[in-house]
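To start, the structure itself, in structure tokens.
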Amino acid sequence: MSTNHLRNGYGDSEPLLRQALLSSSQRSIVNSTSQVAIVGVNVSPIESLDYEIFENEFFKQDWRSRGKTQIFQYIFMKWLLCLIVGVIVSLIGFCNNLAVENLAGIKFVVTSNMMLEKRFQLAFFIFFVSNLGLTLFASLITALIAPAATGSGIPEVKAYLNGVDAPGIFTVQTLFVKIIGSITAVSSSLLIGKAGPMVHTGACVAALVGQGGSKRYGLSWKWLQFFKNDRDRRDLITCGSAAGMAAAFRSPVGGVLFALEEMASWWRSALLWRAFFTAAIVAILLRAMIDLCLSGKCGLFGKGGLIMFDVYSASISYHLVDVPPVFILGVIGGLLGSLFNLLLSKVLRIYNFINEKGTIFKILLACVISVCTSCLLFGLPWFTSCRPCPPNPTEPCPTIGRSGIYKKFQCAPNHYNDLASLIFNTNDDAIRNLFSKNTDDEFEVTSMLIFFVTCFLLSIFSYGVVAPAGLFVPVIVTGASYGRIVGMLLGKNSNLNHGLYAVLGAASFLGGSMRTTVSLCVIILELTNNLLLLPLIMMVLFISKTVADAFNANIYDIIMKAKGLPYLETHAEPYMRQLTVGDVVTGPLQTFNGIEKVRNIVFILKSTGHNGFPVIDEPPMSEAPVLFGIILRDHLLTLLKKKAFISSPSATSGAVFDNFAANDFAKKGSSKVRLKIEDIELLEEEMDMFIDLHPFTNTSPYTVVETMSLGKALTLFRALGLRHLLVIPKISSRSPVVGILTRHDFIPEHILGLHPFLVRKAGKILRF
1 MSTNHLRNGY GDSEPLLRQA LLSSSQRSIV NSTSQVAIVG VNVSPIESLD YEIFENEFFK
61 QDWRSRGKTQ IFQYIFMKWL LCLIVGVIVS LIGFCNNLAV ENLAGIKFVV TSNMMLEKRF
121 QLAFFIFFVS NLGLTLFASL ITALIAPAAT GSGIPEVKAY LNGVDAPGIF TVQTLFVKII
181 GSITAVSSSL LIGKAGPMVH TGACVAALVG QGGSKRYGLS WKWLQFFKND RDRRDLITCG
241 SAAGMAAAFR SPVGGVLFAL EEMASWWRSA LLWRAFFTAA IVAILLRAMI DLCLSGKCGL
301 FGKGGLIMFD VYSASISYHL VDVPPVFILG VIGGLLGSLF NLLLSKVLRI YNFINEKGTI
361 FKILLACVIS VCTSCLLFGL PWFTSCRPCP PNPTEPCPTI GRSGIYKKFQ CAPNHYNDLA
421 SLIFNTNDDA IRNLFSKNTD DEFEVTSMLI FFVTCFLLSI FSYGVVAPAG LFVPVIVTGA
481 SYGRIVGMLL GKNSNLNHGL YAVLGAASFL GGSMRTTVSL CVIILELTNN LLLLPLIMMV
541 LFISKTVADA FNANIYDIIM KAKGLPYLET HAEPYMRQLT VGDVVTGPLQ TFNGIEKVRN
601 IVFILKSTGH NGFPVIDEPP MSEAPVLFGI ILRDHLLTLL KKKAFISSPS ATSGAVFDNF
661 AANDFAKKGS SKVRLKIEDI ELLEEEMDMF IDLHPFTNTS PYTVVETMSL GKALTLFRAL
721 GLRHLLVIPK ISSRSPVVGI LTRHDFIPEH ILGLHPFLVR KAGKILRF
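Start counting the sequence shown at 1; every next residue gets the next number (the UniProt record's numbering).
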């Protein structure tokens, strides 16, 4: 016989098989089979999501009773919630950028003023203390309030959209910390970005709006509580992630494509329309708010951030002779991207050793990285020479009291420090300087090389700290710097200017690390506002991705594996074709009769953590044992709570539905408010009564015969977004059900543990 592996998601009733990779004692082994995973920086239990619509008799009767008005309301609410998500995310994105520009801008201006007065030690002290204070604040609120807000959040959201529910990733605390922590952490000069956190923020807003708010904080609206299943919430969260990327880069089409290409595991045309609508709302509102800032109403530094990407709207020309350098740039991007992913995975392992020691060590680690970053950023410009201001600069030289290309730093009047011009700006302004046209003579090769090495290393060591941190902007900065280096080395042998090489370098490094192509291509085009770059960007993205794929996976897949999130890929491994589903299920299996005694239900619910149970009719209910369907744990708990008991084991009438409403069986938005068996109190005489499970059982569950290949079953399981897949016998004389396939059964490490002879054939899947 086989077992129901899904206990609260994956085997919660068994001892934990292994900890997630980053918290395992065997650090060299990838583990995705665990029932726990690292969410943020903490190890937490995980479970699966029910994307399948549970079609029992109660559900069918509820839908039959709905009129045209209710159906229209259901469709209207889908679009209304998308509108609400778009409005909220655009406001958050705008305020996020404005806050970062002003916080960091004030810090840089005060430091620069001290430098102008030759008070270098005081300047360093102000720079050092402000960075440390901002980092300390971000790490404190993240570690103490919402550890799930650590990192970019993209791996967790991507896993959720694949069917993995991790606790705490969509709570009000996480949303608050993600916004405030991202602002302070990015302002602290850590080499991290705000694009990843914005994607997580958008998904979090969508999740909270989709469940009608948060009852815990009194932010709950009944008129929003319309989505009662994981499928509708999944679609809205997909729209939220698209809106987050659109808000981060003011790239609505790129945001939609990013959600399609990188985030979502299920997609259809109706969802595409809603995601596009949500991103369009973000783009329209951001455009309106940016116009407000252009009029000077957003403070001294209100023109930075989102506006910095309108930097390359110039006509360009290139010829066949320019193709080989671009090809080489793509190869370099692929090699550096794969190296970046490898080193980052190693650093995250080391950081986890430190994080396991407790909260104080997490905060100390963040502070140490901040101290090292401040020392490097303030000290490195001293090793470069000052350059005289150009005769006809595009902006005042040196730049004083604002962001710009010509930072004076320690230089004499009418001179500027080119390395300080990149370092003593926000990451957004640094990208603007690197992308800018007509600046071929503004930077030296040595300064650019120092900046590239610094960005490459700091982006690796900064990401793992306990604070909201993205990878997109650091990767763009790093790629743009080595792109400029290539342009400088080519000199007049190329028709392309250095700013264009910076754009292509950023694209190649993004392709080598992130491994997405279509969405990144559109995002970069929307950033640079120049369609003439399309052929070159397509070329470098294709080459860099192809080269990097030969070495390891994309960075988000690596992080998901490292965290132990059991993500199901779209393809089946070749060895799965050699196995049948009967080869991976184990026993024993827990089942219920169609009419079951209350005592038996309570005992099984208390002794196991199974989420789904096959319901079998046996004589005298049927001539022979037959599979009637499957019933969920939450539905059994609802029946026990409502005490839908009968005194004798006989079928109930349709009047039983009068005691229930559709909301009684709706999926709760948070696991913290879900009903538990320990919360239900029953009298002794009630324990000897019965429950007719037939009206509440899904009579049409997805089933496969035990001889089906495991690869074919995986394709079905993932394509339909299932949580349970019943395995039935090939010979009807046996038990009507052999077992239940869950997500755990398709994870390579579980399969290879059961069949070690396949390890050699599948060895490459365990490689990062």
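Glycine included, each C-beta is placed from N, C-alpha and C at the ideal position.
- Return the chain-ordered list of same chain residues with a C-beta closer than 7 Å to the C-beta of Asn-493, the five sequence neighbours on each side being excluded. none
- Task: Report back the beta-carbon spacing between Ile-747 and Pro-566 to the nearest angstrom; my notes put them in contact at under 8 Å.
- Result: 5 Å
- Return helix, strand or coil for Ile-405, following the three-state DSSP convention. coil
- Given a threshold of 16 other Cβ atoms within 10 Å of its Cβ, counted over all protein chains shown, does Ala-259 qualify as buried or as exposed? buried
- Compute the distance between the beta-carbons of Thr-184 and Ala-143, then report whether it is under 7 Å. no
- Item | Closest by C-alpha distance to Pro-619, when choosing among His-635, Ile-595, Val-36 | Ile-595
- Put Asp-617 into one of helix, strand or coil per three-state DSSP. strand
- Task: Below 7 Å CB to CB, which residues in the same chain sit around Val-347 once its five sequence neighbours on both sides are set aside?
- Result: Ile-460, Phe-461, Gly-464
- Express the C-alpha separation of Val-615 and Asn-593 in angstroms, rounding to a whole number. 6 Å
- Message: My assumption, with CB atoms under 8 Å, is that Thr-454 sits in contact with Leu-335. Please give the rounded CB distance.
- Response: Thr-454 to Leu-335, Cβ: 19 Å. No contact.
- Message: So, with DSSP's three-state summary, where would you put Thr-580?
- Response: strand
- Which value, in whole angstroms, describes the spacing of the CA atoms of Lys-606 and Ser-648? 24 Å
- What residue does the beta strand (DSSP E) around Pro-748 start on, and which one ends it? Careful: Pro-748 lies outside any beta strand (DSSP E), inside the alpha helix (DSSP H) at 748-754.
- Task: Give the secondary structure of Glu-569 by DSSP, where H, G and I count as helix, E and B as strand, and everything else as coil.
- Result: coil
- Can you tell me the Cβ-Cβ gap for Phe-108 and Phe-451, rounded? I've got them flagged as a contact below 8 Å. No, Phe-108 and Phe-451 are not in contact; Cβ-Cβ is about 16 Å, not under 8 Å.
- Query: By how many angstroms is the C-alpha of Leu-364 removed from the C-alpha of Thr-373?
  - Reply: 14 Å
- Are Asn-554 and Ser-338 closer than 7 Å when you measure CB to CB? no
- Item | Cβ-based neighbour list, Gln-26, same chain, cut-off 7 Å, excluding 5 preceding and 5 following | For Gln-26, the predicted structure reports a pLDDT of 34, less than 50, and the residue's modelled location is therefore unreliable. A value from the coordinates is still provided. Closer than 7 Å at Cβ, skipping near neighbours: no residue.
- Query: Can you give the beta carbon distance from Pro-167 to Ser-345, rounded, assuming they're within the 8 Å contact cut?
  - Reply: About 24 Å; that fails the 8 Å criterion.
- Query: To which residues of the same chain is Ile-400 closer than 8 Å at the C-beta, ignoring the five residues directly before and after it?
  - Reply: Ser-112, Leu-116, Lys-408
- Message: Is Phe-472 close to chain C? Criterion is C-beta to C-beta, closer than 7 Å.
- Response: Among the chains of the structure shown, chain C does not appear; only one protein chain is present.
- Proximity to Met-245 [Cα-Cα], best of Asp-230, Glu-261, Arg-234, Arg-233: Glu-261
- Task: Kindly list the residues whose CB is nearer than 7 Å to the CB of residue 793, restricted to its own chain and excluding five residues on each side of it in sequence; keep chain order.
- Result: Any property of residue 793 remains undetermined from this structure, which presents the chain solely from 1 to 768.
- Roughly how many angstroms separate the alpha carbons of Lys-178 and Met-687, rounded to a whole number? 47 Å
- Message: So, at 8 Å on beta carbons, what are the nonlocal neighbours of Phe-128 in its own chain, with the 5 sequence-adjacent residues on each side left out?
- Response: Val-371, Ser-374, Cys-375, Phe-378
- Pick helix, strand or coil for Val-465, following the three-state DSSP scheme. coil
- Paired residues, beta bridge with Ala-37 - DSSP: Ser-44
- Message: With H, G and I counted as helix, E and B as strand and the rest as coil, what does DSSP make of Tyr-416?
- Response: strand
- Leu-80 to Ala-207, Cα distance in whole Å? 14 Å
- Would you check if the distance between the CB atom of Phe-472 and the CB atom of Gly-193 is smaller than 7 Å? yes
- Which word fits Phe-353, buried or exposed, when buried means at least 16 other C-beta atoms lie within 10 angstroms of its C-beta? exposed
- Task: Give the straight-line distance between the Cα atoms of Tyr-318 and Ala-502, rounded to the nearest whole angstrom.
- Result: 15 Å
- Query: What's the C-alpha gap between Ser-735 and Ala-719?
  - Reply: 28 Å
- Item | For Ser-241 and Gly-202, believed in contact at Cβ under 8 Å, the rounded distance | 6 Å
- Where does Asp-291 land, buried or exposed, given buried means 16+ other C-beta within 10 angstroms? exposed
- Item | Those residues which DSSP pairs with Arg-387 across a bridge | Tyr-416
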